[in-house]
Structures are given as C-alpha cells and as structure tokens.
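According to our numbering, the sequence shown is numbered sequentially starting from 2. The beta-carbon is built from N, C-alpha and C at its ideal position, and this holds for glycine as well. Worksheet: one structure, shown below.
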Amino acid sequence: MRQEHSGPIQVLFGVASEDDPVCEVVRGLQSEFPSVDAELVVCSPLHGANAKAAKLSHLERFARYELLVISDADVKAPPDFLANVLAPLQQPEIGLVNCFYCLSNPSTLALQWEAVAINADFWSQVLQAQDLKRLDFALGAAMATRRQQLRDIGGWATLANCLADDYQLGNRIALAGYRIALSPIVVECWTRKMGWGEVWRHQLRWGRTIRVCQPLPYFFSILANATLWPGLWALARPSSLSLAFALVALLVRSFSARNLQARLLSSPQSKIKNKKIKIPLWLAPLKDVLQIAVWLGAFVGNRIEWAGRRMTLRPDGTLKLAR
Numbered sequence: 002m003r004q005e006h007s008g009p010i011q012v013l014f015g016v017a018s019e020d021d022p023v024c025e026v027v028r029g030l031q032s033e034f035p036s037v038d039a040e041l042v043v044c045s046p047l048h049g050a051n052a053k054a055a056k057l058s059h060l061e062r063f064a065r066y067e068l069l070v071i072s073d074a075d076v077k078a079p080p081d082f083l084a085n086v087l088a089p090l091q092q093p094e095i096g097l098v099n100c101f102y103c104l105s106n107p108s109t110l111a112l113q114w115e116a117v118a119i120n121a122d123f124w125s126q127v128l129q130a131q132d133l134k135r136l137d138f139a140l141g142a143a144m145a146t147r148r149q150q151l152r153d154i155g156g157w158a159t160l161a162n163c164l165a166d167d168y169q170l171g172n173r174i175a176l177a178g179y180r181i182a183l184s185p186i187v188v189e190c191w192t193r194k195m196g197w198g199e200v201w202r203h204q205l206r207w208g209r210t211i212r213v214c215q216p217l218p219y220f221f222s223i224l225a226n227a228t229l230w231p232g233l234w235a236l237a238r239p240s241s242l243s244l245a246f247a248l249v250a251l252l253v254r255s256f257s258a259r260n261l262q263a264r265l266l267s268s269p270q271s272k273i274k275n276k277k278i279k280i281p282l283w284l285a286p287l288k289d290v291l292q293i294a295v296w297l298g299a300f301v302g303n304r305i306e307w308a309g310r311r312m313t314l315r316p317d318g319t320l321k322l323a324r
C-alpha cells in the first residue's frame with residue numbers, strides 16, 4: 002500500500018531462507034518500484050525459537066533511521082498509516098505506538114470464530130485495560146518505536162526466545178519509563194483459509210501467551226464469560242426465570258459482538274473496505290463455550306505450535322524447540 006509520507010523511508014523484508022516463496026514477490030516489488038529504498042534480507046541462521054523476533058534481530062542491524070515501524074507479514078495498512086503511527090513519537094515520553102487490527106477475510110467458519118475474538122472481543126478488552134491503568138504491553142500486528150528504546154531494552158535479540166515478543170517489547174519499554182500509545186488507525190490482517198484444527202491451535206497458543214504474560218488476570222477472565230454463567234444457572238436450576246435470563250444473555254452477547262465489530266470496522270480512522278464482515282449471531286455464544294476449553298488448555302499444557310514449528314513453553318515465557 003502506498004504511504005502518504007514525505008520523509009525518507011527504508012523498507013526491509015526479512016525472510017528465513019532463500020527458498021521462501023515470498024522472495025519472488027519482494028523481488029517483483031523491487032522491480033516495480035526501483036526508486037524505493039527496499040532490501041530483501043535473508044535472516045539465516047535464526048538465533049532463537051521465536052522466528053519473528055529472531056528475524057527482527059537481523060533486520061535491526063540494517064536499519065538506518067531512528068524511527069522504526071514493525072509489521073507482520075499479513076498486515077495491510079491504509080495510506081495514512083505511517084503519518085498517524087509516527088506522530089505520537091514526536092512526544093519524547095512516548096516510547097512505542099501500536100494500533101488495533103482486524104481479521105479482514107474470515108473465509109471459513111473456524112476463522113469467523115476467530116474473528117469474534119479479534120474483531121469484537123480483543124480490542125474492547127484492550128480499551129478496558131487502558132481505563133484501569135496505563136498500557137504496559139504492545140499489540141504486535143503493527144508497531145512503531147525508536148532505536149533508542151530498543152537499545153534501552155537490549156534489542157530484539159533479547160526477545161528471540163520469548164513467546165509473547167510484542168507483549169515483552171511493550172512491557173520492557175514501559176518499565177524503562179516510557180508511555181505506550183494507541184494509534185486510532187486500524188490495520189487489516191489477511192490470512193489464508195484455515196480449518197478448525199489450525200484455528201484451534203492458534204487460539205490455544207494465544208491463550209497460553211496471555212496466561213504466561215498475565216497469569217492472575219487470565220485466570221479470573223473466565224468470570225467475564227457472558228455465556229458460561231447464565232447457561233450454568235439455567236442447567237443447574239432450570240426455571241422460567243433462569244431460562245429467560247440465559248436467553249436474554251445469549252441475545253445481548255450475540256448482538257453486542259456484532260455491534261463491537263461494526264464499530265471497529267466503521268471507525269472514522271478505519272480505511273477498511275470490507276466493512277460488512279459477516280459473523281453469524283450464534284457464533285459469539287459458541288465462541289464463549291469453546292473459550293472454556295481454550296482457557297483450561299492454557300493452564301494444563303505447555304506445548305505450542307507456531308507456523309508449523311512445535312515448541313515447549315517454559316514457566317518464564319520463553320520457548321524451546323521440541324525435538
């Protein structure tokens with residue numbers, strides 16, 4: 002996506018090997034836009050179990066400017082993204098800027114389940130957390146910081162074995178005395194088609210990520226399950242009152258999830274074209290029921306599958322590649 006930014010820009014594409022099919026895509030972009038300062042960097046060997054953070058530790062050495070923008074490979078940003086995400090860094094007390102993201106192409110029922118978690122629940126939970134205290138974590142889809150802040154925390158190499166590299170990046174910058182800012186820009190995440198198995202493993206990894214970062218809040222998060230408790234009451238003490246309450250709770254949960262997604266997609270700063278991503282009303286309560294299993298799995302297991310790599314999660318939040 003072309004960016005409305007008047008200053009110099011250096012673009013670094015990090016890949017794990019020359020065999021990565023994205024290399025041809027990048028070379029095609031370099032040919033199409035020869036005037037853009039863009040470089041393909043083969044980040045091999047990867048020194049760390051977290052492939053993203055390990056690649057970024059390579060790219061960090063090639064960056065020439067003070068301001069750094071980090072983006073996942075599946076992110077699509079609007080034309081005014083750079084201008085908006087970099088503006089808060091003019092304030093010296095702000096050490097990192099991140100933004101909300103949405104799943105823009107939930108092409109399967111399983112991805113629609115994940116869309117409830119991302120497009121409806123996650124961003125509203127982040128705002129609730131911000132109301133309670135200053136943000137002390139980052140959202141990893143798209144972030145901006147300075148080289149100075151990276152130097153203060155030891156660089157990306159110190160995060161190369163962390164499961165939650167984005168959380169740790171924001172947390173360490175916050176502990177260094179800087180503020181974490183939220184940009185009003187919403188970026189899009191585009192993913193390939195995935196079935197229930199892949200989405201389940203993703204959700205389980207996400208659950209274990211949150212658990213290892215904030216174990217106590219995540220433990221008590223089950224209390225906020227809007228479908229679980231009315232349903233248990235109706236099952237344990239069936240009556241006209243409990244059944245009516247459960248039905249109302251299901252309706253409120255279903256319509257509020259749809260409303261939250263609509264608000265994210267239609268915000269004035271959102272340039273998302275697909276503003277009518279469909280989520281069946283019944284999927285939000287189903288997500289709550291499945292979330293019980295994710296919550297339990299987050300506490301009883303330590304196995305992680307990420308981009309086809311199997312790893313073991315240590316108690317301190319670092320990863321070890323499984324043999």
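{"Query": "Residue ranges of each beta strand (DSSP E) within the stretch 146 to 208, 3 or longer", "Result": "180 to 190"}
{"Query": "Beta carbon of residue 4 nearer than 8 Å to that of residue 82", "Result": "yes"}
{"Query": "Exposure label - residue 51; buried when at least 16 CB within 10 Å", "Result": "buried"}
{"Query": "Nearest-angstrom beta carbon gap, residue 289 and residue 229 [assumed within contact, 8 Å]", "Result": "6 Å"}
{"Query": "Residue 321, enclosing beta strand (DSSP E) - first and last residue", "Result": "320 to 322"}
{"Query": "Three or more C-beta pairs below 8 Å linking the stretch 164 to 178 and the stretch 136 to 143", "Result": "yes"}
{"Query": "Residue burial classification, residue 293 (beta-carbon count within 10 angstroms, cutoff 16)", "Result": "exposed"}
{"Query": "Cross-strand partners of residue 143 (DSSP beta bridge)", "Result": "72"}
{"Query": "Per-residue burial, residue 302 [other beta carbons within 10 Å of its own, 16 or more giving buried]", "Result": "exposed"}
{"Query": "Buried or exposed by the 16-neighbour rule on C-beta atoms within 10 Å, applied to residue 217", "Result": "exposed"}
{"Query": "8 Å Cβ cutoff met for residue 97 and residue 159", "Result": "no"}
{"Query": "Backbone secondary structure at residue 44 - three-state DSSP", "Result": "coil"}
{"Query": "Integer-rounded CB distance, given that residue 305 should sit under 8 Å from residue 173", "Result": "Between residue 305 and residue 173 the Cβ distance is about 21 Å, and since that is not below 8 Å, they are no contact."}
{"Query": "Of the listed residues 163, 45, 40 and 33, nearest to residue 12 (C-alpha basis)", "Result": "40"}
{"Query": "Length of the line joining the Cα atoms of residue 110 and residue 44", "Result": "35 Å"}
{"Query": "Presumed contact (8 Å Cβ cut-off) between residue 143 and residue 76, rounded CB distance", "Result": "5 Å"}
{"Query": "Candidates 62, 226, 266 and 74: closest to residue 291 by CA position", "Result": "226"}
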